[in-house]
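So for the sequence shown, my numbering puts the first residue at 639; every next one is plus one.
Yeah, the Cβ is synthetic: ideal placement off N, Cα and C, and Gly gets one too.
These numbers were taken from a predicted model, which means no experiment stands behind them.
Following: one structure in structure tokens, then a few remarks.
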Amino acid sequence: MKGRFTIITAICAIFFGLIPAEAQYKSGASYMDLNDSETVRALKEHVSTISSAAMEGRKAGSEGERMTAEYVTEIFKKYDVDVLSGKDGDVFGIRQENGDT
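If you want it as structure tokens, here you go:
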């Protein structure tokens, strides 16, 4: 009896485990269609901007870090993302005179 229960449980687990796996793929679309989507284009543009030489490497406490933070803040505002930290961000109780965090 115990062996039969184990077999039935295993069959059910396999069967019901395959149903969600089938649902993960978008029907009728190829991966190339996903690369051409507006979301992917926008993400590539944002990553390109943040990683550009104009952001000066984004070292902690640098002008590049400040510019990147301002850019991300503006993007969040554009997409109506609520930020939980204050205007100056989270300082985690750490402040140094030279601006390095």
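Judged by their CB atoms, arginine 696 and threonine 706 are nearer to each other than the 8 Å cut-off. Cα atoms of threonine 677 and threonine 687: separation of roughly 15 Å, rounded to the nearest angstrom. Distance check between methionine 693 and each of Lys715, Val685, Glu703, Gly699 places Glu703 closest, using alpha-carbon atoms only. Distance from the CA of isoleucine 649 to the CA of glycine 699, rounded to the nearest whole angstrom, comes to 57 Å. Isoleucine 646 is positioned such that its CB atom lies no closer than 8 Å to that of histidine 684. For arginine 679, the enclosing alpha helix (DSSP H) begins and ends at 676 to 688.
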